[in-house]
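Have a look at the structure below, then the notes.
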Amino acid sequence: MAHDHHSHSTELHEQETGVHTVPPISTTLVTFGVLASLAVLALFIGFSNDLGGMKVVASLTVATVQAGVLAYFFMDLKQADALTWLVAASALFWTGLLFLFTLTDYLTRHLGVL
Amino acid sequence: MSAANDKNDYLDYTPQTFPAPEPTAEQDRTRIHYLNNENTLRSWLLTVDHKRIGLLYLFSVTFFFLFGGIAAMLVRTNLITPTGAILELDQYNKAFTAHGTIMLFLFLIPVIPGVLGNFLIPMMIGAKDLAFPKLNLLSWYVFMAGASLFVWQLLVGGIDTGWTLYPPYSSKYSQNSILYAGLGIFVTGFSSILTGVNIIATIHKMRAPGMTWGRLPLFCWAMYATSVIQLLGTPVIAVTVVMLAVERVFGVGIFDPNLGGDPILFQHMFWFYSHPAVYIMILPGMGVISEVLTCFARKNIFGYKAVAWSSVGIAVVGFLVWGHHMFISGQGYYLGMVFAFLTMLVAVPSAIKVFNWTATLYGGSITYQAPMIHAIGFIVLFTIGGLTGLYLGTMGTDIHLHDTYFVIAHFHFTMVGGMMFAWQAGLHFWWPKMTGKMYSDFWSRLAAVIMITGFALTFLPQFVVGYLGMPRRYPNYPEEFQFYNIMSTAGASIQGLGYLMPVFYLTASLFFGRPAGNNPFKATGLEWQTQSPPHPHNFETTPAVYFGPYEYGVENGLSIFTNENGDHLPTDTTTPKEGVTSGS
Amino acid sequence: MLAFIQVPPILPPQASQFAIEYDWLFWYITVVCVCAGAVVYGLLTYSCFKFAKREGVRPQRILGSNKLEFIWTIIPLIFFLSFFVWGTKLYNTAIKPTPSELPANAPEYFVVGKQWMWKVQHPTGQREINEITMPIDTPVRVTGTSEDVIHDFGIPAFRTKFDVVPGRYTSAWYHPNKLGTYHLFCDQYCGQGHSQMVGKVHVVSQSDYQEWLSGNMRNTRGELFVDGSPAWEGAKLFQRLGCLGCHNNESESRAPNLEGIAGTYRVVKGGEKVLADRKYIENSIRYPLEHIREGWAPIMPAFTRNLVTQAELIELTAYIMSLKPGDLPSRTESSPPPIGAKMENTLNPSPTPMPEPKKDSEPKKEPEMKK
Amino acid sequence: MAASTSAAGPVAHHFDSMNQQHATVRLGMWLFLVTEVLFFGGVFCAYTAYRIWYPQDFDAGSAALNVGIATVNTFLLLLSSLTITLAIRSAYVSDRRGLQRNLLLTIVLAAAFLGLKAREYHLDYEEGLIPSTEMIRKMEKVEVVDPKTGEKSIRQEEVLVSKFNHALVEVLDREGYKGVPGKDYDPYRVQLFFMFYYSMTGLHVLHMVIGLGLLTWQFILASNGFFDYQSRYVYIEAMSLYWHFVDMVWMFILPLLYLCGPHTFDQAVHQFKHAIGMSGSH
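Chains as they are written, first to last, in my numbering: chain A, 1 to 114; chain B, 115 to 698; chain C, 699 to 1069; chain D, 1070 to 1351.
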């Protein structure tokens, strides 16, 4: 009884979440290489003072790419199940909401009278 | 792993069938359950059993409720006369702040997730415990730590900013121990985050075979939605409080007009959490009501999907409406318009719920024990709360009603008329399961009626006096408002009486109450199929589930543990199709 | 004590154009809500009695009905949206009046909120404390800011309310259409004296308003509001001569607070008690070192004739004699914006100025002024 | 069967399988990271709001920061992300020595980061870049108006100025920032920027310290006695998730706080040398 009880529920849960494996060491090193070079790029942009308004845009883009690589390879979203993706996405989505509405205020307040 | 539980391996325990057999009086005496297995103080303070932690929460929140209740009585008593009957201005401000902060952060937010959520969710989904038992215990300790900060803050003089803590008053001008209170909010918030993580992980990963999302009890749905809000909202107020504290320490800061900072920004970030927080407070209550109504009307819930998804809808849309607290605060006009629109949308799911509950009663076979009376009280009062919310969500009408007693009445109708009655309903409904004892039928019904009448008398006049323009947080007010305030105070004292009664008859039931039996209300939920009080591991064998949660509608109810042929296969491996497609 | 309770009003007075428009929407929502409540409670009561448990009657197995649910999703939504549309329109009227509602040249009152009082300045320069007098049937704009924390300028009879925020200007407009005196509340919690931060709104006839302006009308505190009265001129001098730099109501002020000293006995160096009458005050301005208040440093410069003429001395004294607790403006007060100032672009709110060096270095001028 | 559910084995009593347990732990950590995202999201949001209002002032503030240390710290943190990823691998393949080595490396890198950070704060403190209402007296030409005649005269006078603003102007001059206080930027709003600088880096440092604690704990577990790789490696993994997140936050702090103002590479080098005392004073 205990036995099939187990076999049963493991099977049930394995279909929920696949078994994780650790990526080959080469992948890890390559990922690090990419991240490091992106960091160099970010600093390069930071030290070049002729971009004007585009500077912050450029460096934030780099940062976003960096974060993406980090999340996908190091934080292993690569093997993660749909649920994990959903969780990660929801974090970004709600942060987006916070930004969207709050900044709407700061961008449009002067248009209204009150 | 869990030190408290692997001591005795429940030797005399026979593998369980579903529903569990009613124990004989003899067995009942010898049986091991979560209350009598180990009774040292240590075993309680270091327990990782979700049921015991639920009880720990029960004791603490009840204590804090009395605390906040006393503050409320002070406030109401003071308002008997236009010039303030008993308190100095400063004392009054501290009293209503204490009432607000304690009731919100130490009672309404933790009460149902902490007590009923902890106790019931694993049992409702057929699990042995929450996903992270140690984390669960930790979150209770964190909660108590935060709570003691609040208490400490009261002892050293209390704060007088109102629970909203608006700067620059809270950051520069108030001379009180804001820092302790802020830290208290931060810490208790952390505890509710941990609870949220725990509950979401549990509902996702620990469901018994066949317990699909379509068969999940509505209480679990509501708790799931609540936890989502706790996870996404709480960190924002935490960091906001941090920034406030920084400003207080440095003397200059982020919301400081002297530096060109904007006090309104604090309000944005505060309400980003604090508006969804009111859904943290009401959603679990809605879950409870769905359970109670179905059981006492012997009916399937009317429109399971609608009720379930409206919880999720509220959780999501609830994050998009915070600006309706700021229509006249000087936020952008266009933003305000967007918020007003979304506010009208978030009103819809609540309306759906109310209609569905009403429809659930139709064609039932209704009995009126205490939980049912509370549940019906919930519907009646929450309807008023919801409808009056429309005045405040409408930009135009909010101009006049904002920060008046109309607002006070509105949110007490939702928070107390809603959540408090739901809490009472739930407590009375699951008390026999928690303790194995039945409370006095007469007294419990009487208390319910007293609470409802007292409540109505307290808060209905406040709508009128609010429309007349009496501002909130006023210890002194023009004479012409006195009549309504006296009515309120009278009602408040009746209410207070009502809330005291359960403390007595529930305690009495522990000693003199008759054994409740496994399933006194003949409910269909999994939690009712184990013995009461339940076994430390809830179920020895994980049950397999075959039908939806509210199959009252057929003779004797369909046992959710038997397949169509009525075979008892608690550990069957051939679960229905959707049984395996659970998960995200 | 119940005997003393007034007969309570049911509805607030309706004293402005906006109030009328407001109440239409208010009662529309009320009617809709009452109907909705009636439906819910009707069904509830019906089921509760009809389907109470009876022997032998089995509950039906109803799982739901998409049709019904659709209906009671859509119908409320329609009503809610009607609230939204009408409400937004009303809100728009409240903050963006059309020229017909509020002419561009409408008189503009300035309001400064301060813990815990309202200072009102009329377009014509008169000031009131916790009172605002306005002529009937004349649209006016009220613009407010705060010296310290967030306050809220609310007048129930006009159904309006707006937060006054430090570091920026917010405003509202009124079109009073009913004579009378109405409540003025601070609706945004602002600290200990929040409930003391109340006042009166006087809506008076045009003729009375003219009389009021000419100063022959007394406010509820029985004071004249003469523009150009000695006390009034004195107040301006008090500001200009920088007396406020030391004689202020702040904890670190370097000179005695002058509020309400008139007619009291003041202890001076040597323990002697002196009656603070007009003579005493004039002397203390001309020859400060004659009477030094016990516990204060002799740092006050002598305001000799070439600094303060006799006429000015009288006005200054009149002002100091008239000071009541709370009348003294706070040191960092940015005096209310000039007449005709419009909303500033709130994208860069002007911070209230930090204390300027001039005030602190004032006592240092003492030697030069002596000679 | 009671045994299978008791806490004897590596599988906790309330789980049915190791796999379920691992999945749950991962999910739990991800859920926690969601809250962390919103936690930092809050303060970043406030930052953005004011950045929209006061771009020049924020640039000026950034110009006063020590970008040299920030640069070095960036790479320290990236390296630590690498080593902790290797640590998971070692745990997965039950290589205790490798696990210890990688955890230790991570700890060292984190400590180095924190050390430099502390030095940075110390420098800020020495330069007086702490926002406050504090005033200092200094001689200045002021225009005095005779209250009677209204005639103006210039006179050397001791006046009160905001301590921070005074210090800021000096630092910016030293760093060669071409901007006139009061014209191109308002020192008070730079104070606002510095509030963000301290809040954001402060919260980040707090998270680093917590992470350091976790690392040390796992290192101790790995070093002495029983270390059940099968059940443990997922905890290392969960911890690494947290650590990577902290790294990720820094990736955004760097451009928003340090790099948004005008900086040059030589300046960075010089600042870093000065910070670790390899060059004399400025």
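We treat Cβ as the ideally placed atom computed from N, Cα and C, and that holds for glycine.
Keep in mind that this is a model prediction, so the values were computed, not measured.
Listed by chain order, chain C residues near N207/B by CB distance under 7 angstroms: Taking the first residue of the second sequence as position 1, residue 207/B is located at position 93. Simply Q890.
Using DSSP's beta-bridge definition, name the partner residues of P815/C. To locate residue 815/C, count along the third sequence from 1; it is residue 117. Reading the sequence as shown, one finds Met at residue 815/C and not Pro. In the DSSP output, where bridge partners are listed per residue, M815/C has K812/C.
Since T638/B and Y666/B should fall inside the 8 angstroms C-beta cutoff, what is the C-beta to C-beta distance between them, to a whole number of angstroms? To locate residue 638/B, count along the second sequence from 1; it is residue 524. To locate residue 666/B, count along the second sequence from 1; it is residue 552. A Cβ-Cβ distance of about 6 angstroms is found for the pair T638/B and Y666/B, placing them in contact under the 8 angstroms criterion.
Buried versus exposed call for C1329/D [16 or more other C-beta atoms within 10 Å across all chains shown]: For the purposes of this step, residue 1329/D is taken as residue 260 along the fourth sequence, with counting starting at 1. C1329/D should be labelled buried.
Bounding residues of the beta strand (DSSP E) (the contiguous stretch that carries K971/C): Working through the third sequence from its first residue, we reach residue 971/C at position 273. Segment K971 to L973, the beta strand (DSSP E) holding K971/C.
Using a threshold of 7 angstroms, state whether the C-beta atoms of I1199/D and M1269/D are closer than that. Locating residue 1199/D in the fourth sequence gives position 130, where the first residue counts as 1. Locating residue 1269/D in the fourth sequence gives position 200, where the first residue counts as 1. Between I1199/D and M1269/D, the CB-CB gap reaches or exceeds 7 angstroms.
Just the Cα atoms here: how many angstroms apart are A259/B and Y72/A? Locating residue 259/B in the second sequence gives position 145, counting from the first residue. Locating residue 72/A in the first sequence gives position 72, counting from the first residue. Straight-line Cα distance between these residues: approximately 37 angstroms.
May I ask you to report which of helix, strand or coil DSSP gives W277/B? The count along the second sequence starts at 1 and reaches residue 277/B at position 163. DSSP places W277/B in coil when its eight states are reduced to three.
Checking contacts by CB at 7 angstroms: is S59/A closer than that to chain D? On the first sequence, position 59 is the one that residue 59/A refers to. At least one CB atom of chain D sits nearer than 7 angstroms to the CB of S59/A.
I'd like the list of long-range same chain contacts for T962/C, defined as Cβ closer than 6 angstroms, with 5 residues on each side in sequence excluded. Position 264 of the third sequence, counted from the start, is the residue given in the question as residue 962/C. A974.
Cα-Cα separation between G417/B and N470/B, rounded to whole angstroms: Position 303 of the second sequence, counted from the first residue, corresponds to residue 417/B. Position 356 of the second sequence, counted from the first residue, corresponds to residue 470/B. Cα-Cα distance, rounded: 7 angstroms.
Give the range of the beta strand (DSSP E) segment to which S1309/D is assigned. Along the fourth sequence, read from residue 1 onward, the residue named residue 1309/D stands at position 240. According to the DSSP assignment, S1309/D belongs to no beta strand (DSSP E) but to the alpha helix (DSSP H) extending over Y1298 to I1322.
Between H1083/D and chain B, is the shortest Cβ-Cβ distance under 7 angstroms, so that the two count as touching? For the purposes of this step, residue 1083/D is taken as the residue at position 14 of the fourth sequence. Yes, because at least one Cβ of chain B sits closer than 7 angstroms to the Cβ of H1083/D.
Tell me, which residues are paired with K859/C by DSSP? Along the third sequence, one-based indexing puts residue 859/C at 161. Beta-bridge pairing links K859/C to G852/C.
Could you tell me the distance, in whole angstroms, from the CA atom of H438/B to the CA atom of F453/B? Looking up residue 438/B in the second sequence gives position 324. Looking up residue 453/B in the second sequence gives position 339. Taking the straight line from one Cα to the other gives about 6 angstroms.
With distances taken between CB atoms, is the gap from L1146/D to D1316/D smaller than 7 angstroms? Taking the fourth sequence and counting its residues from 1, one reaches residue 1146/D at position 77. Taking the fourth sequence and counting its residues from 1, one reaches residue 1316/D at position 247. In this structure, D1316/D lies closer than 7 angstroms to L1146/D by Cβ.
Taking beta-carbon pairs under 9 angstroms, can you tell me which members of the stretch 343 to 371 of chain B lie near chain G? Chain labels in this structure do not include chain G; the protein chains are A, B, C and D.
Beta carbon of F492/B nearer than 7 angstroms to that of F543/B: By one-based count along the second sequence, residue 492/B stands at place 378. By one-based count along the second sequence, residue 543/B stands at place 429. Cβ atoms of F492/B and F543/B: not closer than 7 angstroms.
Outcome for S306/B when other beta-carbon atoms lying within 10 angstroms are tallied against a minimum of 16: Counting from 1 along the second sequence, the entry for residue 306/B is found at position 192. S306/B is buried by the Cβ-count criterion.
Quick one: which chain B residues come within Cβ less than 7 angstroms of D105/A? On the first sequence, residue 105/A is found 105 positions in, with the first residue counted as 1. Within 7 angstroms Cβ-Cβ: H382, Q445, G446 and L449.
Within 7 angstroms, strictly: CB atoms of S745/C and L475/B: Within the third sequence, numbered from 1, the residue matching residue 745/C stands at position 47. Within the second sequence, numbered from 1, the residue matching residue 475/B stands at position 361. Going by beta carbons, S745/C and L475/B fall inside the 7 angstroms limit.
Measuring CA to CA, which of F1288/D, A1337/D, S1300/D and F1341/D is closest to V1177/D? As a working mapping, residue 1177/D is identified with position 108 in the fourth sequence. Distance check between V1177/D and each of F1288/D, A1337/D, S1300/D and F1341/D places F1288/D closest, using alpha-carbon atoms only.
Take G399/B as the anchor and find which of G271/B, V356/B, L495/B and N153/B has the nearest alpha-carbon. Start at 1 with the first residue of the second sequence, and residue 399/B comes out as number 285. Nearest C-alpha to G399/B: L495/B.
Are there three or more Cβ pairs, one per stretch, closer than 8 angstroms when the stretch 524 to 541 of chain B is compared with the stretch 383 to 401 of chain B? With the cut-off at 8 angstroms, the stretch 524 to 541 of chain B and the stretch 383 to 401 of chain B touch.
For a test of the three-state rule: what should DSSP assign to C884/C, helix, strand or coil? Position 186 of the third sequence, counted from the first residue, corresponds to residue 884/C. Strand at C884/C.
Touching by the beta-carbon criterion (3+ pairs, under 8 angstroms), the stretch 1274 to 1290 of chain D and the stretch 1237 to 1254 of chain D: Not touching, per the Cβ criterion.
Secondary structure at H900/C, three-state DSSP: helix, strand or coil? The residue you call residue 900/C lines up with position 202 of the third sequence. For H900/C, the three-state secondary structure derived from DSSP is strand.
Run through DSSP, which three-state label would G1251/D get? Within the fourth sequence, residue 1251/D is the residue found at index 182, counting from 1. If DSSP states are grouped into helix, strand and coil, G1251/D belongs with coil.
Cβ of L1107/D less than 7 angstroms from any chain B Cβ? Residue numbering aside, residue 1107/D sits at position 38 when the fourth sequence is read from its first letter. So, interface residue.
I believe S1149/D touches T1175/D by the beta-carbon criterion, under 8 angstroms. Please report the beta-carbon distance rounded to the nearest angstrom. One-based indexing of the fourth sequence puts residue 1149/D at position 80. One-based indexing of the fourth sequence puts residue 1175/D at position 106. The Cβ separation is near 5 angstroms, so the contact holds.
DSSP-derived helix/strand/coil call for W158/B: Position 44 of the second sequence, counted from the start, is the residue given in the question as residue 158/B. When secondary structure is reduced to three states using DSSP, W158/B falls in the helix class.
Which residues in chain D sit within 7 angstroms of P135/B, going by Cβ to Cβ distance? Counted from its first residue, the second sequence places residue 135/B at position 21. Contact note: P135/B does not reach chain D at a C-beta cutoff of 7 angstroms; the least C-beta distance is about 19 angstroms.
Under 7 angstroms between C-beta atoms, does I564/B make it to chain C? As a first step, residue 564/B must be located in the second sequence, where it is residue number 450. At a cut-off of 7 angstroms between C-beta atoms, I564/B does not count as an interface residue with respect to chain C.
Top-ranked residue by Cα proximity to N875/C, from L709/C, A717/C and I776/C: Position 177 of the third sequence holds residue 875/C. The candidate whose alpha carbon is nearest that of N875/C is A717/C.
If V838/C sits next to P864/C, beta carbons under 8 angstroms apart, how far is it from one beta carbon to the other, in whole angstroms? Locating residue 838/C in the third sequence gives position 140, where the first residue counts as 1. Locating residue 864/C in the third sequence gives position 166, where the first residue counts as 1. The beta-carbon distance between V838/C and P864/C, rounded to whole angstroms, is 24 angstroms. This is too long to meet the 8 angstroms contact definition.
Whose Cβ in chain A lies nearer than 9 angstroms to the Cβ of H1339/D? Position 270 of the fourth sequence, counted from the start, is the residue given in the question as residue 1339/D. Those do not exist, as H1339/D stays about 13 angstroms from chain A at its closest Cβ, beyond 9 angstroms.
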